[in-house]
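Written out below as structure tokens is the structure these notes cover.
2 protein chains.
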Amino acid sequence: MRDAELTRQKILEISADEIHKNGFIATSLSCILARCEVSKGALYHHFKNKMELGYAVFEEIYTPMFLELWQPAVEVEDPIEGLCEFFTAMYEEGSCDEIVCGCPLNNLCQEMSAIDEGFRLRILNMQQQLNQLISLNLQRVASQLRDDIDVSQVAYFIVASFHGSSSLSKSSKNKDLFEKVIKELCSYIRHLRIS
Amino acid sequence: MRDAELTRQKILEISADEIHKNGFIATSLSCILARCEVSKGALYHHFKNKMELGYAVFEEIYTPMFLELWQPAVEVEDPIEGLCEFFTAMYEEGSCDEIVCGCPLNNLCQEMSAIDEGFRLRILNMQQQLNQLISLNLQRVASQLRDDIDVSQVAYFIVASFHGSSSLSKSSKNKDLFEKVIKELCSYIRHLRIS
DNA sequence: TTTACAACCTACCTATCGGTCGGTTAGAAT
DNA sequence: ATTCTAACCGACCGATAGGTAGGTTGTAAA
Chain A
3 MRDAELTRQK
13 ILEISADEIH
23 KNGFIATSLS
33 CILARCEVSK
43 GALYHHFKNK
53 MELGYAVFEE
63 IYTPMFLELW
73 QPAVEVEDPI
83 EGLCEFFTAM
93 YEEGSCDEIV
103 CGCPLNNLCQ
113 EMSAIDEGFR
123 LRILNMQQQL
133 NQLISLNLQR
143 VASQLRDDID
153 VSQVAYFIVA
163 SFHGSSSLSK
173 SSKNKDLFEK
183 VIKELCSYIR
193 HLRIS
Chain B
3 MRDAELTRQK
13 ILEISADEIH
23 KNGFIATSLS
33 CILARCEVSK
43 GALYHHFKNK
53 MELGYAVFEE
63 IYTPMFLELW
73 QPAVEVEDPI
83 EGLCEFFTAM
93 YEEGSCDEIV
103 CGCPLNNLCQ
113 EMSAIDEGFR
123 LRILNMQQQL
133 NQLISLNLQR
143 VASQLRDDID
153 VSQVAYFIVA
163 SFHGSSSLSK
173 SSKNKDLFEK
183 VIKELCSYIR
193 HLRIS
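Respectively, the protein sequence lines represent chains A and B. The numbering used here numbers the first residue of the first sequence as 3 and each following residue consecutively. The numbering used here numbers the first residue of the second sequence as 3 and each following residue consecutively.
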């Protein structure tokens, strides 16, 4: 057989890239097909329709990518510094294009949550996983933290601020505002410690 | 004359509502026309094309709405408490629909910044105006604040977190996560004070 | 009363979208 | 060598989008 799995994977990866750049709705199948050098028949052989392709991208590309990205940041001895280094590395090392494209999770949340229940539930699930990952690791070092904090609330706030910062950098089209907000986010995170 | 200005205003207001609910691209002119009970010819008499209609909505509806919303929150004697009360009122008084639709500025920033320069510049301008509004008023009470803070950085962070919280509430489809993040945001804002 | 033009109407245009369907082809199994 | 089917192809479809053009109407000014 012609390597079906390779075709499927190529479609998924290029779709993930296109969706990241243009959003789900604005991403046209014809554009994906052109980049993949694959026919429409091939795509519809592997995926029932555009929505199912979107779900597959979310589950098979974005979800593992996300967990692999955040886990090391937070599963170190000191999650406070781990998070700060993670965010700092983002504006120091990330290319401007990457930053301006925003976080795929946040982008899809904004675009699709209200109009498609399948996306909404997948996004909500991812957000809860991410929240638990962060809050469990903050809880782990609770003895070092101020006693007036609610770790789950803090975890949601951190993610929200991060997403807000990537939104800001879209309109400025450079890293400056992103960097500003991330710096303040790090300052906030460090203030969680007993001072 | 048949009241041209009234027609124009009706188109603007209904467009603002539709764009808030569906986003700019997903908002169809035919849908606007149906709600306005106005013909396509009338719309194209008042606006050159869809993009120009979008710009007009941004400038004539969203911009003044935004300034009227944030100004009173921050131009009180105590902007720290002013902001906290403003945010708190948002989840206590705001309808669930309103909250789940998100902030129009953030929505358009996410959707349009990358694909249309006209929108991007208008959004950036609005964000800078908003930042100045907040940072000037924080500066005003600088003597009450910690001396390690950068008011502009703090102002961007506040707006980013607020936008991030509205993004979160979209996927949860209720106010719970919104409320959580807003509470933490208020806690953060109050910690700006010398303790 | 006539004129002139802003204001408005409607039928139509083209482009593009997601999706379908009948047919072809590669290659493993018999 | 033949058969069978997963894998793939591409012309075509209907729906809808934004946009246009030519005609009509209301009304203020001359």
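Cβ coordinates follow ideal geometry from the N, Cα and C atoms, glycine included.
Item to check | residue 64/A beta carbon less than 9 Å from that of residue 110/A | outcome: yes
Next on the checklist: Restricting to Cα atoms, I'd like to know which of 9/B, 21/B, 145/B is closest to residue 46/B.
Outcome noted: 9/B
Checklist entry - With contact counted as at least three CB pairs below 8 Å, one residue from each stretch, are the stretch 160 to 174 of chain A and the stretch 95 to 110 of chain A in contact? => result yes
Checklist entry - How about residue 152/B: is its C-beta nearer than 9 Å to some C-beta of chain A? => result yes
Checklist entry - Under three-state DSSP, which class holds residue 147/A? => result strand
Checklist entry - Counting along the chain, where does the alpha helix (DSSP H) carrying residue 97/B start and finish? => result It is not in any alpha helix (DSSP H) - residue 97/B carries neither H nor E in the DSSP assignment.
Next on the checklist: Output needed for residue 73/B: all residues of its chain with C-beta closer than 7 Å, excluding positions within five of it in sequence on either side, in chain order.
Outcome noted: 135
Checklist entry - Taking C-alpha atoms, which residue in 182/A, 174/A, 196/A, 117/A lies nearest to residue 26/A? => result 117/A
Next on the checklist: Tell me which residues of the stretch 110 to 125 of chain B have at least one Cβ-Cβ distance to chain A shorter than 8 Å, keeping chain order.
Outcome noted: 111, 112, 113, 115, 116, 117, 122, 125
Next on the checklist: Using beta carbons (cut-off 9 Å, strictly below), is residue 25/A in contact with chain B?
Outcome noted: yes
Checklist entry - Taking the alpha-carbon positions, what's the residue 1/B to residue 68/B distance? => result A query on residue 1/B cannot be resolved here, the shown segment of chain B reaching from 3 to 197 and no further.
Checklist entry - So what does residue 37/B bridge to, in DSSP terms? => result According to DSSP, which records beta bridges pairwise, residue 37/B is partnered with nothing at all.
Next on the checklist: Under 9 Å, Cβ to Cβ, is there at least one residue of chain A near residue 64/B?
Outcome noted: no
Next on the checklist: So, does the stretch 139 to 156 of chain B touch the stretch 130 to 146 of chain A, judging by three or more C-beta pairs under 8 Å?
Outcome noted: no
Item to check | Sequence-distant residues of the same chain with beta carbon closer than 6 Å to residue 48/B, five excluded per side | outcome: 10
Checklist entry - Can you check whether the CB of residue 52/A is closer than 9 Å to the CB of residue 85/A? => result no
Next on the checklist: For a quick check, are the C-beta atoms of residue 17/A and residue 43/A less than 9 Å apart?
Outcome noted: no
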